[in-house]
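S.K.:
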Amino acid sequence: MARKTRFVAAPVGEDAPVDDKAIYRVHVEMSPHETVRNLGAFKLDYCCMPQERDTHDGLLRLQAYASGAAIAALRKAGRKVDVLADAQAEGQRMQKLISRTNRFAGGKSGPETIGKLI
Amino acid sequence: MGAIMTTAEVESALIFFETTYPALCRRVELPNKTIENRTCHALHMGLPNAPGHPAGLIIGGVHAREWAGPDIVVSFAGDILKAYSSGKGLQYGGKSFSAAQIKQIFEQTTIVVFPCVNPDGVEFSHNSVALWRKNRNPAASGGDPAKVGVDINRNYDFLWDFKKFFNPAAWNDSLASDDPSVETFHGPAPFSEPETRNVNWLMDTYANLTLFLDLHSYTGDVLYNWGDDDNQNTSPTMNFANPAFDGQRGMIGSGYGEYLSAADEAATTAIASSIRDAMNAVRGRAYLAKPATGLYPTAGASDDYAFSRHIAQAGQSKMYGYTLEFNFASDGGLAHPPTDPFLATADPAIYDLTLRDVIPGLIAFCLEVDRISLPGIPIPAGDPRIVYMNPATGEVWWLGGDGKIHKTPPLPDPYRSTVANEIWRLVSAFEAIGAVGGHGGEIARQGLLRAIEAVARGAAEHPG
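Heads up: the protein sequence lines correspond to chains A and B, in order.
For the first sequence, my numbering gives the first residue as 1372, with consecutive numbering after it.
For the second sequence, my numbering gives the first residue as 99, with consecutive numbering after it.
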């Protein structure tokens, strides 16, 4: 069984300092009438990620990966960017939880049944 | 509690299923090796199949960083194999499936799963760059590691050339990209990648497919056709195959809408809702069912390619396409997700919960495969030597007593336009008399060619 890990990334937040070359998990604020095309110049990676509308202020919050350099450029352009985590460091921690052996080698065993047989 | 499977474990699990349940499943080797020379396998499940059984295809592991996709598909296969062989049903929290339902899947349908379409990318994500999305094709990189890879789910032959087909205002990095450094780089040509060719091979090989599902993460949605633009069911000629609308697609809420007949929309929405409801019943999560444009417009995606085949390629079965985006966004719990939602399943507790949530959706999908109404097949009386049969089109090829292959005329497809059905009928008649010799045969063929030409000319002069 894989061991459990606490997932804590720092620094985080609206004003968190960033390293230009690192990749971060961020929320980028957009106005209700904008599309992601407006952010095209910043080379964000937002594929298969939601663009959630805040029910209080109607603003969109795009979830994305962004380099530190992109975050700096977004902020310079007046965008609010909330840094959630250092995505690369988070990924490295997660990789340690992946199976490192072949538990089913040679097809002699298989995955345990997930559902309950009834 | 489990841990994410390596690609080797996925392959080994399929061997385990094949050796443990030889009467219920067999591995299918895919014809195209990956760039890193990996051989991939799918798993065919079902009792020895009588011709005409409808089939469903489920794929996973397309985007490398969307961890647990292959695990869900493998574990789903293991669960239904175990249940059927035990004569049992399955329960996942608040969602149960009876033994009779599991029996229905194995005895009335064929289910094909391809758990890890992109093993090169998955291995790279597991061992090197965790956030990797694409495959590992370096062909367009020019030696720059940041430009390696093609987005498999932008490489299918559906409106692939987005700069030709879509409104320039809709071009953005989620639609598709021709820049190799972008995550949605669509490759040099449709089906340029071995991974997409393998999926297409399965679609070609299983002519009775009625449903297709591509497993992704993480917006918490069951997405159904179409994904290039809004659905509309009032103007059949406004569709992806009509060049008159090139350059107009992809602007949600604008003038263009992709045609989906009212009957198809009702059917595919109901199926997506069944998948959603099964997942939500497990522990009250809030997966949503919506058209694929509800995420964002895409070009070259698998779900639209699957559904487009019966329109773009005569004789292909009609299959509805789905993208299931597993995990948490639609729960409203993502305002500040505690960990990366793509990778969160590395946590054993989240891994287990995710599998329990999603496998019921795949079982519900399988139950819908059999509910698709297929037209009756006109089997020639007294001649059982059938060599090909497509229940979705009603097409049958059989070996006649004269030693030649004969074909039934395909049934009219209500999705096709009247003109397309008419041309289809005439071409079939032309083929049917292809072997008729003498002056009479030649006159008949010439007459049919003139009729085809006249129908086509009429359609060109009076479109719509």
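All C-beta atoms in this analysis are idealised placements derived from N, C-alpha and C, irrespective of residue type, glycine included.
(1) Do we get a CB-CB distance below 8 Å when we pair Val-172/B with the residues of chain A?
(2) Could you have a look at Val-449/B and say whether DSSP puts it in helix, strand or coil?
(3) With DSSP as the reference, label Arg-347/B as helix, strand or coil.
(4) What does Arg-1432/A pair with, by DSSP beta-bridge criteria?
(5) Determine the DSSP secondary structure at Gly-474/B, reduced to helix, strand or coil.
(6) Taking Cβ-Cβ distances below 7 Å as the criterion, which residues of the region 531-558 of chain B are in contact with chain A?
(7) At which residue ranges does the region 140-194 of chain B contain complete alpha helix (DSSP H) runs of 4 or more residues, listed in the order of the chain?
(8) If you measure from the beta carbon of Ser-110/B to each beta carbon in chain A, is any gap under 8 Å?
(9) So does the region 1462-1469 of chain A actually touch the region 151-160 of chain B, counting three or more Cβ pairs closer than 8 Å?
(10) Under a CB-based cut-off of 8 Å, is Phe-463/B close to chain A?
(11) Is the CB of Phe-115/B under 8 Å away from at least one CB in chain A?
(12) Going by C-alpha distance, which of Ala-153/B, Ala-390/B and Val-517/B is nearest Glu-363/B?
(13) Determine, using beta carbons only, whether Glu-1405/A and Leu-1431/A come nearer to each other than 8 Å.
(14) Measuring alpha carbon to alpha carbon, tell me which of Gln-1466/A, Pro-1421/A and Ala-1387/A ends up nearest His-584/B.
(15) Under three-state DSSP, which class holds Val-297/B?
(16) Enumerate, from N- to C-terminal direction, the unbroken beta strand (DSSP E) stretches of 3 or more residues contained entirely within the region 363-444 of chain B.
(17) What residue range is occupied by the uninterrupted beta strand (DSSP E) comprising Ser-315/B?
(18) At a Cβ threshold of 8 Å, is Ser-315/B touching chain A?
(19) List, in chain order, every chain B residue whose beta-carbon is nearer than 7 Å to that of Phe-1475/A.
(20) Are the CB atoms of Ala-140/B and Thr-208/B nearer to each other than 8 Å?
(21) Alpha carbon to alpha carbon, how far is Val-1452/A from Ala-237/B? Give it in angstroms, no decimals.
(22) Would you check if the distance between the CB atom of Met-1401/A and the CB atom of Asn-1409/A is smaller than 8 Å?
(23) Determine the contact status of Asp-255/B and Pro-288/B, defining contact as a CB-CB distance below 8 Å.
(24) I'd like the span of the alpha helix (DSSP H) that includes Leu-112/B, first residue to last.
(25) Do Gly-398/B and Asn-253/B count as a contact pair if the criterion is CB distance below 8 Å?
M.R.: Result, derived from the coordinates:
(1) Position 74 of the second sequence holds residue 172/B. Taking Cβ atoms only, chain A reaches closer than 8 Å to Val-172/B, which makes this a yes.
(2) Here residue 449/B refers to the residue found at position 351 of the second sequence. Note that residue 449/B corresponds to Tyr in the displayed sequence, not to Val. Helix.
(3) Counting from 1 along the second sequence, the entry for residue 347/B is found at position 249. Secondary structure at Arg-347/B: strand, using DSSP grouped into helix, strand and coil.
(4) Taking the first residue of the first sequence as 1, we reach residue 1432/A at position 61. DSSP lists Glu-1400/A and Glu-1423/A as partners of Arg-1432/A.
(5) Counted from its first residue, the second sequence places residue 474/B at position 376. Note on Gly-474/B: pLDDT 47, under 50, position unreliable in the model; the coordinate value appears next. Of the three classes helix, strand and coil, the one that applies to Gly-474/B here is coil, per DSSP.
(6) none
(7) 167-184
(8) One-based indexing of the second sequence puts residue 110/B at position 12. Yes, because at least one Cβ of chain A sits closer than 8 Å to the Cβ of Ser-110/B.
(9) no
(10) As a first step, residue 463/B is located in the second sequence; it is residue number 365 there, counting from the start. Taking Cβ atoms only, chain A never reaches closer than 8 Å to Phe-463/B, which makes this a no.
(11) Within the second sequence, residue 115/B is the residue found at index 17, counting from 1. By this cut-off, Phe-115/B is an interface position.
(12) Mapped onto the second sequence, residue 363/B falls at position 265. For the residues Ala-153/B, Ala-390/B and Val-517/B, the minimum Cα distance to Glu-363/B belongs to Ala-390/B.
(13) For this step, residue 1405/A is matched to residue 34 along the first sequence. For this step, residue 1431/A is matched to residue 60 along the first sequence. Yes. Within cutoff.
(14) As shown, chain B starts at 99 and ends at 562. That puts residue 584/B outside it, with no answer to give.
(15) By one-based count along the second sequence, residue 297/B stands at place 199. It is helical.
(16) 386-389 and 418-424
(17) Here residue 315/B refers to the residue found at position 217 when the second sequence is read from its first residue. If you look at Ser-315/B, you'll find it in the beta strand (DSSP E) that goes 307-315.
(18) Within the second sequence, numbered from 1, the residue matching residue 315/B stands at position 217. Chain A, which has a Cβ nearer than 8 Å to the Cβ of Ser-315/B, makes this yes.
(19) The residue labelled residue 1475/A in the question sits at position 104 within the first sequence. Under the 7 Å cutoff, chain B gives Glu-107, Ser-110, Ala-111 and Phe-114.
(20) Translated into positions along the second sequence, residue 140/B becomes position 42. Translated into positions along the second sequence, residue 208/B becomes position 110. Not closer than 8 Å, so no.
(21) As a first step, residue 237/B is located in the second sequence; it is residue number 139 there, counting from the start. As a first step, residue 1452/A is located in the first sequence; it is residue number 81 there, counting from the start. Looking at the two C-alpha atoms, the distance is approximately 35 Å.
(22) Taking the first sequence and counting its residues from 1, one reaches residue 1401/A at position 30. Taking the first sequence and counting its residues from 1, one reaches residue 1409/A at position 38. Yes, the pair counts as a contact, with Cβ atoms nearer than the cut-off.
(23) Position 157 of the second sequence, counted from the start, is the residue given in the question as residue 255/B. Position 190 of the second sequence, counted from the start, is the residue given in the question as residue 288/B. It is a contact, given that the beta carbons lie within the stated cut-off.
(24) As a working mapping, residue 112/B is identified with position 14 in the second sequence. Residues 105-118.
(25) Taking the second sequence and counting its residues from 1, the one referred to as residue 253/B is at position 155. Taking the second sequence and counting its residues from 1, the one referred to as residue 398/B is at position 300. A Cβ-Cβ contact shorter than 8 Å links Asn-253/B with Gly-398/B.
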